[in-house]
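Okay, structure first, notes after.
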Amino acid sequence: MTDNPERKPVFTSKPASPSRLADGVSDAIAAALFDGRISPGEPLPPEGEIAREFGVSKPIAREALRQLTAAGLIFTQQGKVARAKALSGEPMDRIYGYAVRSSLKRLQEANEMRRVIETGIARLAAERRDPEGLEAMRQGLVDMQASLHEPAGFTAADILFHLGLAMATGNAMIRVQMEGMRSVQREVSELFSRRANRSDADWRATIARHQAIYDAIAAGDADLAEQSIRVHFDAADIASLEVADKLGGGAS
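In case it helps, our numbering puts the sequence shown at residues 1 to 252.
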């Protein structure tokens, strides 16, 4: 986009109050990003044009863009206009990553959070069965089979499976939430996959639990999908206790 006063306005709302002007500007730009008026990779108007369109100063427009950059909605480079980013869970992923690496207690809390969230996701996935999500889950299962006894590959397959679970709901915000929990999934999966006492039967039991979740969702059985994912997290809780024992009882 060029600094052109004749360009059709992109933003449909203006800051309602003279206070917190940058928040109002960033909210309006975010709305344009979320509803598709600005596509991923597309440049935003120059800072001066944003300031004129909203009737604010350049420093206010600059602060609004800084807020959006911090939120992971746009990216900026020195001397260039800002560009829209695709909606993703990257900002949450960074925050959760710091948290789960800080202590075993935070890791256990994060796994508890996943149980609460993914139980509801499994039900909705079974009700909607978005084909793209089902395919991602199926590929995750294939990759798990190909990565037996290989923690890194198995972890990547596990993350793909659970992302597919979210995608199967057909809900973009749920997908973003699951992307935001990748660091939690990665930390949990890597810890469990690297347990010295993890047997071949244990690896295969993990795949079987994922297969049960997939089968229930593919069949459209919401009750069974919820039951299957609860069984999966029950097993994860048992493994958590084993890890906690190895690491000294779960001190925070």
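Ideal Cβ placement from N, Cα and C applies to all residues, glycine included.
Taking only runs of the alpha helix (DSSP H) that begin and end inside the stretch 198 to 226, which ones reach a length of at least 4 residues, in chain order?
200 to 218
Secondary structure of I74, DSSP reduced to three states
strand
Proximal residues to A110 (C-beta, below 7 Å), its chain only, five neighbours per side dropped:
Y96, A99, V100 and V184
Using a threshold of 8 Å, state whether the C-beta atoms of A168 and D130 are closer than that.
yes
Looking at C-beta atoms only, is the number of pairs between the stretch 115 to 132 and the stretch 166 to 181 that lie closer than 8 Å three or more?
yes
Exposed or buried, A64, counting other C-beta atoms within 10 Å across all chains shown (16 or more means buried)?
buried
Just reading off the alpha helix (DSSP H) that N111 is part of, what are its end residues?
L104 to R128
Do the stretch 23 to 30 and the stretch 52 to 71 meet, that is, are 3 or more Cβ pairs less than 8 Å apart?
yes
Do you know how far the Cα of D223 is from the Cα of R20?
47 Å
Quick test of your reading: S88 and E179, contact by CB under 8 Å. State the CB separation rounded to the nearest angstrom.
5 Å
Residues in the same chain with beta-carbon distance under 6 Å from M113, minus the five sequence neighbours each way, listed in chain order, please.
none
Between A216 and the rest of its own chain, which residues show a CB-CB distance below 7 Å, the 5 nearest in sequence each way excluded?
A126, L224, A225 and S228
So, with DSSP's three-state summary, where would you put P151?
helix
DSSP three-state assignment for R62, whether helix, strand or coil
helix
With 16 other CB atoms within 10 Å as the buried threshold, where does M137 fall?
buried
Using a Cβ-Cβ cutoff of less than 6 Å, which residues in the same chain neighbour L148 once the five nearest sequence positions on both sides are dropped?
W203
Checking the sheet assignment: what are the DSSP bridge partners for R182?
In the DSSP output, where bridge partners are listed per residue, R182 has none listed.
In terms of residues, what are the limits of the alpha helix (DSSP H) holding I50?
E47 to F54
Start-to-end residues for the alpha helix (DSSP H) that takes in E135
P131 to A146
If you reduce the DSSP assignment to three classes, tell me which class P40 lands in.
coil
Chain-order list of residues whose beta-carbon lies under 6 Å from that of I207 (same chain, five-residue window excluded)
M144
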